[in-house]
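Undergrad:
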Ligand code: ADP
Ligand code: 5GP
């Protein structure tokens, strides 16, 4: 059967340590049509993070220059650093029929929901704040001070969960992954994105 598909813009948010990266890493691995939007950030790279793959790690000046050129689809200050989604790569991928995944905070997600009303939005919740702390401490990529700041900000982020179309609780990883993959699979089949041609 001949068929065509339009790309989907998938916005994923959730408190730091909820397991967003772990979950969408599995979606990206399973779906060659899904691309990850590499954000610009002024925070320092964590050990193992690769410039251009995980983030574009830039200085405050470089970030400001990009902002002045109107180069961001959205941007926000999160946990004391600037983060932004470069506009053109997202628009180019969607234009080419590919799906794009954004891992962005709720301030940025609200901007995208307004500018791109066809986007699909998912908020990932931890099962508890105690477990969120355990995961952040276990990941070991932030200082104690940074962990406390992220845990404080988590309350305000979770308060915005109802702005999103879908909620996924990441308690058991496999269950959460199957739920997220189910959302992506169903959204792909929407008649506004999927165009099968029934031939004679
Ligand atoms: P985020 O991208 O939301 O900041 P990560 O994907 O880095 O979060 O996950 C934070 C930590 O929690 C990592 O060490 C990860 O291995 C762990 N983790 C993720 N999901 C689960 C889960 N369902 N149960 C237990 N630990 C998890
Ligand atoms: P981290 O420093 O742990 O990689 O990310 C911290 C927070 O910044 C997370 O909530 C993540 O979703 C958010 N974030 C990452 N990239 C962007 C971006 O381009 N824009 C916005 N608004 N938030 C982002």
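In this note's numbering, the protein residues as written are 1134 to 1333. Ideal Cβ placement from N, Cα and C applies to all residues, glycine included. Keep in mind that this is a model prediction, so the values were computed, not measured.
1) Tell me, please, which residues DSSP counts as bridged to residue 1210.
2) Between the Cα of residue 1285 and those of 1313, 1213, 1306, spot the shortest distance and give me the residue it belongs to.
3) Does the distance from the C-beta atom of residue 1257 to that of residue 1151 stay below 8 Å?
4) Ordered along the chain, which non-local residues of its own chain (more than five positions away) have a Cβ less than 6 Å from that of residue 1244?
5) Just checking residue 1318 against the ligand ADP - is the residue's beta carbon closer than 7 Å to any of the ligand's heavy atoms?
6) Is the stretch 1164-1184 close to the stretch 1291-1310, with three or more CB pairs under 8 Å?
7) For the ligand 5GP, is there a heavy atom less than 7 Å away from the beta-carbon of residue 1207?
8) Applying the 10 Å Cβ sphere with the 16-neighbour rule, what's the burial state of residue 1254?
9) Near residue 1326, what residues of its chain come up, given a Cβ to Cβ distance below 7 Å and the 5 sequence neighbours on each side ignored?
10) State the start and end residues of the unbroken beta strand (DSSP E) segment that holds residue 1135.
11) So, for residue 1240: in the same chain, excluding its five sequence neighbours on each side, which residues have a beta-carbon less than 6 Å away from its beta-carbon?
TA: Answer, in terms of the structure:
1) Residue mapping note: residue 1210 aligns to position 77 of the chain shown, counting from 1. Bridge partners of residue 1210: 1215.
2) Translated into the one-based positions of the chain shown, residue 1285 becomes position 152. The shortest C-alpha separation from residue 1285 is found at 1213.
3) In the chain shown, counting from the first residue as 1, residue 1257 sits at position 124. In the chain shown, counting from the first residue as 1, residue 1151 sits at position 18. Taking 8 Å as the Cβ cut-off, residue 1257 and residue 1151 qualify as a contacting pair.
4) Counted from its first residue, the chain shown places residue 1244 at position 111. Only 1207 meet the Cβ criterion.
5) For the purposes of this step, residue 1318 is identified with residue 185 of the chain shown, where counting begins at 1. Checking every heavy atom of the ligand ADP against the Cβ of residue 1318, none is found closer than 7 Å.
6) no
7) Residue mapping note: residue 1207 aligns to position 74 of the chain shown, counting from 1. Yes - the ligand 5GP has a heavy atom lying nearer than 7 Å to the Cβ of residue 1207.
8) Start at 1 with the first residue of the chain shown, and residue 1254 comes out as number 121. By the 10 Å Cβ count, residue 1254 comes out buried.
9) Numbered from its first residue, the chain shown carries residue 1326 at position 193. Closer than 7 Å at the Cβ level, and outside the excluded window around residue 1326, lie 1138, 1139, 1141.
10) Position 2 of the chain shown, counting from 1, holds the residue named residue 1135. Start and end: 1135-1138.
11) Here residue 1240 refers to the residue found at position 107 when the chain shown is read from its first residue. Excluding sequence neighbours, residue 1240 sits near 1209.
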